[in-house]
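What follows is a set of notes on a single structure, which appears directly below.
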Ligand code: ADP
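Below you can see the structure in the form of C-alpha cells.
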C-alpha cells in the first residue's frame with residue numbers, strides 16, 4: 299500500500315510516498331518517491347501557497363506513480379495543543395481545530411491546514427491522518443509543563459510547556475527499549491534528539507514526563523541557529539535599551555543564535571572542524587552546547603527516577619561521534635562509560651556504544667519520522683474504518 303507523507307513547513311513542503319506492507323511493516327526499499335517544494339509564498343517563486351505546492355507535488359507524482367494509487371495521506375502537524383493527545387483521522391472538524399491552534403504555531407499550523415484542505419478537495423475519498431509533534435508530551439505531569447507565571451496566562455491563553463519532536467522521541471523510545479530487551483512500560487530513559495532543532499526528553503515507564511522544548515521549539519538546548527534557554531530579562535533589556543521590536547527579537551533568538559551566533563556556523567560538522575583546528579569561538583560553542591546538554595541529562599536522570607539508557611538520535615546524535623564523546627565525558631559522575639571504538643563505528647542500525655561497566659547504557663538509535671508517520675497513518679486509518 300502507498301502512503302503519502304507530507305511535512306508542511308512555513309515556506310516549504312516535503313513529501314515522501316512510502317510503501318507499507320499490509321501488516322504495517324515496510325519492504326526493504328520503502329521510499330517510492332520523495333521531493334521538496336521550497337520558497338512557498340516568496341514573491342517571484344511562482345508558488346503562492348501550500349495548495350499550489352500540492353498541485354506541484356501531484357504533477358510530480360503522476361509522472362512517477364503512473365496508475366498506482368495512494369491509499370492514504372499522513373501529515374506532520376507541529377501543534378496539537380492540549381486537544382490532540384494522539385494521531386487523528388482528519389475530518390472538517392479536525393482541520394478547523396488545527397486552524398484554531400494557529401496562535402500557538404502561527405507559521406506552521408495554517409500551512410498544514412491548507413495542505414489538508416487541498417487534499418480533501420481534490421481527493422475527497424482519500425483518508426488523511428494527522429500526526430502531531432506535541433502529542434507524545436501530553437503525558438507530562440503538571441509540575442513539568444507549568445510555567446511559574448500567573449495562572450490566567452495558562453487558563454486563558456494556553457501558555458504552558460508543550461514540547462516537540464514527539465514522533466521521533468516516541469519511535470526512538472520504543473526501539474531503544476526493544477534493543478535492550480526491556481518492556482517499554484518499565485523503561486526509563488533520556489532521549490537526545492539532536493538535529494538542526496534539538497530536544498531532550500525524560501522517559502518514565504515508556505512515556506514522556508519532561509522535555510526541553512517549551513511553549514515553542516525555541517527553549518532548552520543550544521541548537522544550530524536557536525539560543526535555547528536564556529534569561530527572559532535579556533529580551534526586555536534589548537527592547538528597552540537597544541530598540542529591538544518583536545520581529546527582530548524573533549530573528550535574533552531563532553535564526554541568529556545557537557552554534558551560528560557563537561561561532562559563525564550553524565552546521566555541527568563545520569563547528570567541530572573549526573574547533574579541532576583551534577578556533578576559539580568554535581570551541582566555545584561546542585563547550586556551551588555539550589555542557590547544557592549534560593546538565594539536562596543529569597536533571598532528567600533524576601526526573602525519571604534513574605535512567606536505564608541515554609539515547610542519541612537525529613543528524614548530530616546519529617552521526618557525530620566527537621560531539622557524543624564531549625557530552626559523554628561530562629557524564630562520568632553518573633558512572634557513564636563509553637567504548638571509544640564503538641562510538642566511532644558507523645551504522646544505520648540501533649546500537650549500544652557504552653562499555654559493560656557503564657552504570658547507564660548509552661545507545662545510538664536512528665530516527666525516521668516519515669516511516670513513523672506512514673505506519674501511524676495506516677494504523678489510525680484502519681482503526682477508524684477508513685481503510
Ligand atoms: P533536521 O532537524 O533539519 O531534521 P537533522 O536531523 O538532519 O536536522 O540534523 C542536521 C544536523 O546534523 C546538522 O547540524 C548537521 O551538521 C548535523 N550532522 C549531520 N551529519 C553529521 C556528522 N557526520 N557530524 C556532525 N554533524 C552532523
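Residue numbers (the numbering used here): 299 to 685.
Positions of the beta carbon are idealized from the N, C-alpha and C atoms, including for glycine.
Note that the coordinates shown come from a computational prediction; the quantities given were computed from them, not determined experimentally.
- Set against 7 Å, the gap from the CB of residue 495 to the closest heavy atom of ligand 1 is smaller.
- Leaving aside the five residues that flank residue 420 on each side, the residues in its chain whose CB is nearer than 8 Å to its CB run, in chain order, 352 and 356.
- For residue 465, the enclosing alpha helix (DSSP H) covers residues 464-478.
- In the DSSP annotation of this structure, the continuous segment of the beta strand (DSSP E) that includes residue 498 starts and ends at 496-502.
- For the pair of segments examined, the segment 322-333 was found not to touch the segment 373-391: the number of CB pairs separated by less than 8 Å stays below three.
- Look at the beta carbons and you see the segment 457-468 not touching the segment 644-653: under three pairs across the two are nearer than 8 Å.
- Closest in C-alpha terms to residue 659, from the list 510, 568, 485 and 579, comes 485.
- The DSSP assignment places complete beta strand (DSSP E) segments of no fewer than 3 residues inside the segment 343-416 at 368-375, in order along the chain.
- Shown here, residue 673 sits in a helix according to DSSP, grouped into three states.
- Excluding the 5 residues flanking it on each side, residue 666 has same chain C-beta neighbours closer than 8 Å at 469, in chain order.
- Annotated three-state conformation of residue 678 is helix, per DSSP.
- By the C-beta criterion, the segment 608-628 is judged not to be in contact with the segment 503-517, since fewer than 3 inter-stretch pairs fall below 8 Å.
- Proximity of the beta carbon of residue 570 to ligand 1 is indicated: a heavy atom of the ligand is located closer than 7 Å.
- For residue 487, the secondary structure class from DSSP, reduced to helix, strand or coil, is strand.
- Checking the 7 Å criterion, the Cβ of residue 566 is within range of a heavy atom belonging to ligand 1.
- A distance criterion of 7 Å places the beta-carbon of residue 522 in contact range of ligand 1, judged by its closest non-hydrogen atom.
- Annotated as distal: residue 610 and residue 588, with beta-carbon spacing of 8 Å or more.
- Under the criterion of beta carbons closer than 8 Å, residue 464 and residue 427 do not qualify as touching, at roughly 15 Å.
- Of the candidates 403, 481, 337 and 640, 640 places its Cα closest to the Cα of residue 618.
- Put simply, of 406, 354, 523 and 308 the residue whose alpha carbon is nearest the alpha carbon of residue 379 is 406.
- Boundaries of the alpha helix (DSSP H) harbouring residue 537: 531-540, taken from the DSSP string.
- Here residue 552 is near residue 516, since their CB atoms are less than 8 Å apart.
- A distance of 8 Å or more separates the beta carbons of residue 579 and residue 556.
- Here the distance from the Cβ of residue 306 to the nearest heavy atom of ligand 1 is not below 7 Å.
- For residue 677 and residue 567, the gap between their C-alpha atoms comes out near 37 Å.
- If you look at residue 305, you'll find it in the beta strand (DSSP E) that goes 300-306.
- Residue side-chain check: residue 614 places its Cβ nearer than 7 Å to a non-hydrogen atom of ligand 1.
- Rounded to the nearest angstrom, the gap between the Cα atoms of residue 441 and residue 335 is 40 Å.
- Relative to residue 412, the option among 422, 396 and 424 whose CA is nearest is 396.
- When 577, 488 and 550 are compared, the shortest CA-CA separation from residue 596 is found for 488.
- Annotation for residue 553 indicates a beta carbon at 7 Å or more from all heavy atoms of ligand 1.
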